[in-house]
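Residue numbers (the working numbering), protein chains in the order written: chain A, 104 to 165; chain B, 89 to 249. A virtual CB, placed ideally from N, CA and C, is assigned to each residue, including glycine. Predicted model only: the values in this text are computed from it and were never measured.
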Amino acid sequence: MRRQDEPFEPDPVIEAYKRDVDRTLIRENLRLSVEERVEKLARLQEFAEELRRAGREQESQK
Amino acid sequence: MTDFRALTSLLANSAVEFIIVGGTAATVHGSARLTEDLDIVYRRTEDNLSRLVRSLAPYKPYLRGAPAGLPFSWDERTLRNGLNFTLNTTLGALDLLGEIAGGGDYEKLLPHSIRLQLYNIECYCLGLERLIHVKRAAGRPKDLETVAELEAILEERRRDA
């Protein structure tokens, strides 16, 4: 089994996805406390709900 | 919508032994991805099953996606006879996992977990390295994208350390 400090074995698919990861968002999140990160998730979920509602309303008007 | 604060507070204040895993754990470590359910690995001792049943009973747990009217009894026997439960509650979506692929059960995951202070409660969350390990072990296509972000988080943290 791999030791804690050993890097993970590179996987070409993961490495390909990694190139598109927005690290600016990660760096912003790492500046937040854990509680702030979870609260941000809750606000994101509320926003997602509102987006879905708006999308459904727009669809129903077609 | 899932009330993460209410769910984690409820479980912790009811002395339920659990470890946060999945997307919420990823958020704890800095993920920018949206998750809409709380995934926890729960300890499967008789006492803990009782605490879990008692704490969630008022919030009407029911199998998520099951046809309405399907008999489902929220009690210790149901938990004992099953392992992983994908639930809706009046506090939102909660996945109760007895074990996870690549990680095992509560006892196996606990040494690889971190203790969080969250909303004036204390609870355990799977550590970032073990989270990456279990996501890799799950091997689902959707997990590969998640793993990429988690590994990027690990790299950023090591860079800052």
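Query	Result
Same chain only: Cβ atoms within 7 Å of B:Tyr147, ignoring 5 sequence neighbours per side	Thr177, Thr178, Leu179
Rounded C-alpha distance that separates B:Glu217 from A:Gln161	43 Å
Own chain partners of B:Asp91 with C-beta closer than 7 Å, once the 5 adjacent residues on each side are dropped	Leu179, Gly180
Near-chain A residues of the stretch 204-217 of chain B - C-beta to any C-beta below 7 Å	Leu204, Leu206, Tyr207, Glu217
B:Trp162 versus B:Glu243 - alpha carbon distance	42 Å
Residues near A:Val124 by beta carbon distance below 8 Å, same chain, minus five either side	none
Extent of the continuous beta strand (DSSP E) run through B:Glu105	Careful: B:Glu105 lies outside any beta strand (DSSP E) and carries neither H nor E.
Classification of B:Asp135 by the beta-carbon crowding that lies within 10 angstroms, buried from 16 upward	exposed
C-alpha gap between B:Tyr207 and A:Arg140, whole angstroms	12 Å
Assumed close pair B:Cys213, B:Val129 - CB separation to whole angstroms, cut-off 8 Å	In fact, because the Cβ distance is near 11 Å, the residues do not count as touching under 8 Å.
Chain A contacts made by the stretch 92-116 of chain B, where a contact means CB separation under 9 Å	Phe92, Arg93, Thr96, Gly111, Thr112, Thr115, Val116
Proximal chain A residues relative to B:Ile241, where beta-carbon distance stays under 7 Å	Ile129
Chain-order list of residues whose beta-carbon lies under 6 Å from that of B:Leu50 (same chain, five-residue window excluded)	Outside the displayed span of chain B (89 to 249) sits residue 50 of chain B, for which this structure offers no information.
Spatial distance of B:Ile220 from A:Lys165 (CA atoms)	44 Å
Among B:Leu151, B:Ser201, B:Ala236, nearest to A:Arg122 - alpha-carbon criterion	B:Ala236
Extent of the continuous alpha helix (DSSP H) to which A:Leu144 belongs	137-163
Beta-carbon gap between B:Ala100 and B:Ile209 smaller than 8 Å	yes
Secondary structure, alpha helix (DSSP H): runs of 4+ residues fully inside the stretch 175-209 of chain B	194-197
CA nearest to the CA of B:Ser138, picked from B:Gly215, B:Ala103, B:Thr123, B:Asp248	B:Ala103
Buried or exposed (CB count within 10 angstroms, at least 16 for buried), B:Asp127	buried
Pairwise C-alpha distance: B:Arg132 and A:Glu153	37 Å
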